[in-house]
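Protein chains: 2
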Amino acid sequence: MKNNGYNLWLQYTDIENSTLKKKYLSQIKNIHSFGNSETIKACVEELERGFSGLFGDDYFLDKEASNNVLIIGTISNLNDIHQKNLKEDVLQIKKDGFIIKKIEINGNKKIVITAKTATGVLYGVFRFLRELQTNQPIEQIKIIDSPKVDVRILNHWDNLDRTVERGYAGFSIFDWHKLPDFKDPRYLDYARANASIGINGTVVNNVNSNALILTPMYLEKVKALADIFRPYGLKIYLTARFSAPIEIGGLKTADPLNEDVKNWWNEKVKEIYKYIPDFGGFLVKANSEGQPGPQDYDRNHVDGANMFADALAPFKGIVMWRAFVYSEHNPTDRAKQAYTEFVPYDGKFKDNVIIQVKNGAIDFQPREPFHPMFGAMPNTNLMIEFQITQEYMGGATHLVYQPKLFQEVLEADTYRKGKGSIVAKVIDGSLHNKKLTGVSGVSNIGNDINWTGNHFLQSNWYGFGRLAWNPYLDAKSIADEWLRMTFTNENDFVNPIKNMMIDSRETVVNYMTPLGLHHIMATNHHYGPGPWVGNLSRPEWNPVYYHKANEKGVGFNRTKTGSNATAQYAPEVEEMFNNVSTTPEIYLLWFHHLPWDYKLKNGKTLWNNIALKYQQGVNEAENMISSWNLMEQYVDESRFKEIQMMLNIQYKEAKWWRDSCLLYFQQFSKMKLPDGVEKPNKSLNYFQTLKHPYAPGIKSQW
Amino acid sequence: MKNNGYNLWLQYTDIENSTLKKKYLSQIKNIHSFGNSETIKACVEELERGFSGLFGDDYFLDKEASNNVLIIGTISNLNDIHQKNLKEDVLQIKKDGFIIKKIEINGNKKIVITAKTATGVLYGVFRFLRELQTNQPIEQIKIIDSPKVDVRILNHWDNLDRTVERGYAGFSIFDWHKLPDFKDPRYLDYARANASIGINGTVVNNVNSNALILTPMYLEKVKALADIFRPYGLKIYLTARFSAPIEIGGLKTADPLNEDVKNWWNEKVKEIYKYIPDFGGFLVKANSEGQPGPQDYDRNHVDGANMFADALAPFKGIVMWRAFVYSEHNPTDRAKQAYTEFVPYDGKFKDNVIIQVKNGAIDFQPREPFHPMFGAMPNTNLMIEFQITQEYMGGATHLVYQPKLFQEVLEADTYRKGKGSIVAKVIDGSLHNKKLTGVSGVSNIGNDINWTGNHFLQSNWYGFGRLAWNPYLDAKSIADEWLRMTFTNENDFVNPIKNMMIDSRETVVNYMTPLGLHHIMATNHHYGPGPWVGNLSRPEWNPVYYHKANEKGVGFNRTKTGSNATAQYAPEVEEMFNNVSTTPEIYLLWFHHLPWDYKLKNGKTLWNNIALKYQQGVNEAENMISSWNLMEQYVDESRFKEIQMMLNIQYKEAKWWRDSCLLYFQQFSKMKLPDGVEKPNKSLNYFQTLKHPYAPGIKSQW
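Given below as structure tokens:
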């Protein structure tokens with residue numbers, strides 16, 4: 003049977019190294035599970051599924067065995083003797099953390115997988131299976147690991163009609179029409195996949211929300227999903243449309259200070275918890291891109307968020323309140339608006355509110371400097387929002403390994419409490435001692451058989467989950483794990499392809515938006531280049547707003563002589579970005595408008611650098627094809643060919659980006675392409691007239 | 003691994019009967035193929051795929067064997083000695099028909115699969131595999147079979163944005179955005195599945211057409227599909243938007259008699275054939291439901307269809323011109339309009355035009371009398387259009403085995419050349435000696451992993467293909483084949499479930515539209531009952547138009563005292579339908595408006611009969627659950643449970659239909675529900691206020 007990728011990184015293929023397999027088998031003769039919660043049952047099922055794949059026909063349980071067995075259960079359900087043995091280790095676990103430990107009791111060897119919670123045990127089970135999948139030794143296994151972040155959550159921008167805003171992997175996996183009675187087996191596999199990487203929450207509907215999701219007909223459906231997800235420790239959250247009290251509640255206002263409105267939300271929340279006793283809470287996009295919000299009633303974000311917080315608090319629910327706001331009526335640099343609106347409210351939000359901040363101040367570009375809000379609200383819970391789905395990075399046909407991008411942001415130093423105040427410390431709450439922390443990712447999942455449209459982009463879902471669990475992990479080691487689990491443990495495959503993945507993020511920056519360029523994609527669908535677009539109604543929707551190319555130069559001056567967005571950073575960072583010579587060249591045109599003949603550190607002009615970066619991106623995209631083509635022997639035919647086709651599309655579109663951007667900017671630079679840069683074989687007019695009305699992922703009615 | 007249904011009826015599971023398996027293996031020691039076309043290569047691949055599944059590890063090719071071998075090739079490519087041996091048999095093949103025959107030459111036993119065309123050989127290969135899948139003896143195998151119809155074609159109502167009008171199995175399998183460079187492996191499997199049942203054509207875009215499909219950007223994509231489909235004998239057709247010369251051609255008119263317009267289409271067709279040398283032709287919906295057409299220029303259907311015919315003729319392309327027309331400006335009974343518009347043009351259409359007529363005169367209802375156009379145009383090519391997708395039959399959640407419906411229509415007697423002039427004879431061309439014949443089916447295929455949303459509805463795709471090949475087949479024997487190939491050969495499974503399938507069509511009629519009621523579904527999405535709807539702008543879009551219920555009675559008088567639609571049938575049929583006592587009760591209210599207390603043949607009132615039929619439908623839906631629940635041992639867990647969930651939805655919705663229709667009609671009948679009919683537990687108002695804005699399959703922008 004061909005491998006269609008449905009099983010993601012949980013391939014559980016037969017262990018090829020037969021010596022190793024025998025060793026494993028000699029140490030796992032039986033499974034003893036303690037406790038009978040649905041989660042513990044899921045643990046046993048997952049182990050059986052895993053073993054039957056990894057060991058194939060060689061595996062059978064020896065029901066009598068008490069030596070070389072696997073012990074599964076929460077610590078409180080284990081036998082006294084196990085509890086005693088693990089006493090010290092248990093002290094090290096936090097939250098849903100787990101222990102995997104080889105112990106010996108009365109001459110019997112055991113591997114214990116335990117935790118304080120059943121979900122923790124499940125995480126331990128998946129971790130143990132990963133050790134086997136990646137062929138790690140287990141003779142002396144001792145792993146104690148705990149999540150560093152509370153809320154590790156996917157945001158599905160999925161509409162009720164199953165279209166997915168910014169979705170490139172088909173349509174929504176959530177088939178609302180057939181729910182609650184038809185439970186697609188996929189829902190269970192979705193929960194399994196998330197649990198396997200520690201994701202513990204999911205917002206199943208679009209931030210551009212539809213109030214209908216809060217009506218009984220839909221809550222019945224949401225409940226059906228919640229019941230499937232629960233054993234896997236996956237909590238359901240919903241987006242709340244701010245105007246729902248009007249739209250489905252029959253009220254005349256949605257003013258957050260109005261008693262009827264408050265009461266309506268209180269009752270609505272109570273109703274939701276009747277359906278879903280462990281409902282996670284709301285994600286709210288308010289007063290942003292046309293969405294209703296408290297400002298419609300001259301109230302502010304605090305008024306809005308706290309209203310929801312009060313309703314949810316009795317049930318331990320939380321409010322994730324998005325900071326992605328900018329107004330067409332505000333002529334200020336869009337990059338500044340979120341900080342300006344939110345930072346003054348520091349300390350005003352309730353304890354169960356967490357402000358959800360995109361990784362950068364514009365919008366999920368191939369590269370952005372870290373958002374200035376990170377570290378700037380010491381008295382407010384604050385979580386990060388990444389976009390796993392590739393709205394601005396070629397949709398599903400471009401191989402971009404995003405954990406590299408995530409890591410770059412997490413490692414960025416905010417200097418808010420001096421050097422070393424990196425974003426990861428803001429996010430895990432350690433910088434300002436926060437009690438509620440979170441990492442969210444806009445899902446790249448759809449109903450394509452392989453979930454993410456492109457087999458390789460499964461790694462972004464995987465890597466997101468791993469970094470949400472531990473924001474200090476290295477993207478490269480995550481790629482290593484993922485490749486071994488998804489394809490093979492052959493080093494001759496893993497090593498070169500790992501490098502290809504790691505490099506892929508810089509590649510997309512090079513062929514799309516090098517040197518700090520940003521938001522020069524085509525309109526609405528954001529598919530392909532559109533640096534020439536300048537006719538959209540809102541100025542900050544136009545690429546020309548962002549690159550400001552003219553005969554004098556190119557780039558957005560955000561220093562004190564410009565929009566002064568740099569002032570939103572800590573002084574050390576502000577200073578670095580204000581000075582063109584200390585600004586890292588990767589952010590050059592993000593912060594500075596520079597002449598075309600400005601000399602970069604390599605002694606070449608800005609124009610030549612731009613052109614050479616685009617060419618480099620193209621070359622790298624081409625090299626990815628060569629690297630992949632050498633791997634045919636290691637990968638099943640079907641996945642090999644599909645990935646190959648995708649890489650060819652990426653290369654083709656990298657050239658499209660290079661040619662159209664260089665032709666466009668050349669109008670202003672009036673300079674020749676440097677040696678080594680291929681001449682475009684189409685005219686600028688050709689590129690400008692390309693139309694893709696049915697490119698996927700557009701915003702639609704929801 | 004769980005069975006997700008992706009492999010359809012081509013499951014090729016291990017043959018359980020080991021004696022039989024050994025017997026098969028002893029007779030198939032090797033494959034000798036002759037010819038090296040892509041189609042013959044596909045034949046060999048399919049045999050290898052089939053054998054490796056059916057025989058598992060027991061199968062290996064003996065490359066040396068010349069006794070007990072399989073011979074594959076077109077007759078002209080076989081050795082002389084084979085050709086001689088099959089001389090008489092070959093005379094019996096028509097079109098892409100095939101021969102499967104056990105022969106003995108010089109003491110060597112061989113099974114030859116041959117045909118005049120490579121596609122015929124492929125059909126023979128699939129037929130041979132089916133014999134093995136259904137455990138038929140092959141010792142003396144001799145099968146000679148030819149398709150009775152030329153064009154056996156699916157119509158995909160798939161839009162370029164991948165929404166599917168009347169689609170209930172997810173979204174379009176055609177991912178236009180990623181084509182032509184990304185060729186989803188699914189396209190190949192789609193072609194394989196179609197070839198396996200003899201389907202030889204596919205219209206890949208919606209009849210409500212978008213002219214963009216005819217632009218070079220899309221033709222490149224269509225070509226990529228055509229190249230994948232070609233080896234499987236599957237031709238591509240497109241819908242042609244009548245106004246394309248204006249929309250994409252820059253002309254001011256689309257008048258079919260205008261020279262520029264004709265010329266534009268001639269050039270467009272030439273261009274298409276450059277991309278796709280075996281392009282099949284156009285399907286056109288013109289002057290119907292708002293689509294542009296020749297009448298916009300005071301021309302008629304002949305003018306329109308023949309314009310396309312002239313453009314396509316040099317390339318042997320055809321025009322399928324839909325007869326599904328009705329006008330909001332025409333107050334005549336909608337059922338009469340197609341006949342009235344088309345029959346006068348009999349003999350005026352070119353030879354490569356074929357008029358595509360829906361099976362009934364309204365629109366794919368659970369039951370309709372056959373369309374009066376069948377047999378009424380002796381000098382015009384005429385094909386039938388079935389709707390495999392269940393627009394009016396509960397979407398994908400209702401198990402309705404449609405070949406039973408198809409068969410009912412095909413067996414209906416038109417009396418156009420005396421008794422026995424059944425629709426099948428019109429369709430296969432034998433009644434009026436036609437040279438171009440066709441059967442089309444509106445596809446129920448989507449990107450759900452199992453293709454059709456509900457595993458059982460794969461049987462409708464399968465059964466459609468089988469009946470298109472031979473419109474005289476029996477639905478029950480088709481169900482038998484399908485069940486054996488898709489699930490198991492166990493008679494204790496096949497026999498009861500076959501009966502369940504056969505009965506399922508009458509069940510849906512009973513709980514939706516018994517006794518000739520029709521088109522009383524909810525508006526637009528047609529999901530659920532809506533007999534009360536009477537406020538739509540066009541009268542013939544309203545259910546009240548079709549049932550005409552009032553205090554006096556219910557039903558549409560189409561006799562000579564009414565709309566006189568009966569006059570469009572042959573005199574024998576007209577007479578039968580005009581007389582209430584000779585009208586089959588299944589069509590009663592289709593043709594007659596009758597008092598609520600009218601006595602039917604069983605002596606009970608019309609009202610009681612209606613009520614009891616609804617109840618019967620509900621009971622039958624409930625019985626399907628019981629039948630299925632007994633089958634757990636024969637079916638893999640995943641498919642068993644999914645089907646079970648679907649049957650539960652069907653039962654729930656059958657009750658919804660019964661209760662809401664009976665409550666509604668009871669307002670007029672003012673009669674009590676008879677004994678045995680359950681009392682509704684919700685009010686009519688409750689049912690009337692249900693809203694399903696995101697029910698799938700609605701018409702959208704295309």
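Going down the list, the protein sequences come from chains A and B.
Per my numbering: the first sequence = residues 3 to 704.
Per my numbering: the second sequence = residues 3 to 704.
C-beta atoms are modelled at their ideal positions from N, C-alpha and C, and glycine is treated no differently.
- The Cβ-Cβ distance between B:Ala195 and B:Leu12 falls below 9 angstroms.
- Using a CB distance cut-off of 9 angstroms, B:His158 does not count as an interface residue toward chain A.
- Counting only runs of 4 or more residues that sit fully inside the region 32-97 of chain A, the alpha helix (DSSP H) segments are 40-56, 82-87, 89-94, in chain order.
- Against chain A, a Cβ distance below 7 angstroms from B:Asn650 picks out Asp183.
- Within the DSSP bridge table, the entry for B:Phe284 names B:Leu240, B:Val321 as partners.
- For B:Pro531, the beta-bridge partners assigned by DSSP are B:Met523.
- Classified as buried, A:Asn9 has 16 or more neighbouring CB atoms from the shown chains inside 10 Å of its CB.
- Contact between B:Gly203 and B:Ile155 holds: CB atoms are separated by about 4 angstroms, below the 8 angstroms threshold.
- In the DSSP assignment, A:Ala117 falls within the unbroken beta strand (DSSP E) covering 110-117.
- Just so you know, the alpha carbons of A:Lys701 and B:Leu214 end up roughly 21 angstroms apart.
- Of the candidates B:Asp257, B:Pro258, B:Ala313, B:Ser539, the residue whose Cα lies closest to the Cα of B:Gly283 is B:Ala313.
- Between A:Ile102 and A:Ile95, the C-beta gap is not smaller than 9 angstroms, which leaves the two residues out of contact.
- At a cut-off of 9 angstroms, the C-beta of B:Asp450 has a neighbouring C-beta in chain A.
- Identification of residues in the region 627-649 of chain B having a C-beta nearer than 9 angstroms to some C-beta of chain A yields Ser640, Lys643, Glu644, Met647, Met648, given in sequence order.
- Partner residues in the beta bridge of B:Leu596, as assigned by DSSP, are B:Val556.
- Within the same chain, Cβ atoms closer than 7 angstroms to the Cβ of B:Ser39 are found at Ala120, the five residues on either side in sequence being excluded.
- Going by beta carbons, A:Ser442 and A:Met385 fall inside the 9 angstroms limit.
- Three or more beta-carbon pairs drawn from the region 284-291 of chain B and the region 323-335 of chain B are found closer than 8 angstroms, and the two stretches are therefore classed as touching.
- Assignment of B:Arg641 by DSSP, reduced to helix, strand and coil, places it in the helix class.
- In the displayed model, B:Glu106 falls within a strand according to three-state DSSP.
- The three-state reading of DSSP puts B:Ser211 in coil, since its state is none of H, G, I, E or B.
- Below the 7 angstroms Cβ cutoff, chain B contributes His179 as neighbours of A:Pro698, in chain order.
- Three or more beta-carbon pairs separated by less than 8 angstroms link the region 47-60 of chain A to the region 21-28 of chain A, which places the two stretches in contact.
- At a C-beta separation below 7 angstroms, B:Pro682 has no neighbours in chain A, since its nearest C-beta there lies roughly 19 angstroms away.
- Exposure of B:Gln669 is indicated by the presence of fewer than 16 other C-beta atoms within 10 angstroms of its C-beta.
- In this chain, the beta strand (DSSP E) harbouring B:Arg154 covers 153-157.
- For B:Arg164, the nearest CB of chain A lies under 9 angstroms from its own CB, placing it at the interface with that chain.
- Of all alpha-carbon atoms in B:Gln339, B:Pro682, B:Ser35, B:Asn137, the one lying nearest the alpha-carbon of B:Ile73 is that of B:Ser35.
- Rounded to the nearest angstrom, the gap between the Cα atoms of B:Thr15 and B:Glu492 is 13 angstroms.
- For the set A:His520, A:Asp64, A:Arg188, the Cα lying nearest the Cα of A:Val546 is the one of A:His520.
- For B:Asp450, same chain residues with a beta-carbon under 7 angstroms away, outside a window of 5 residues either side, are Ala171, Gly172 in chain order.
- Take A:Pro597, set aside five residues on each side of it, and the residues of its chain with a beta-carbon closer than 8 angstroms to its own are Lys554, Gly555, Leu608, in chain order.
- Listed by position along chain B, the residues whose Cβ is nearer than 9 angstroms to that of A:Phe53 form an empty set, because the closest Cβ is around 15 angstroms away.
- B:Arg164 sits in coil when the DSSP states are folded into three classes, being neither helix nor strand.
- Contact between B:Asp335 and B:Ser565 holds: their C-beta atoms lie close to 3 angstroms from each other, under 8 angstroms.
- When beta bridges are read from the DSSP output, A:Gln389 appears opposite A:Val444.
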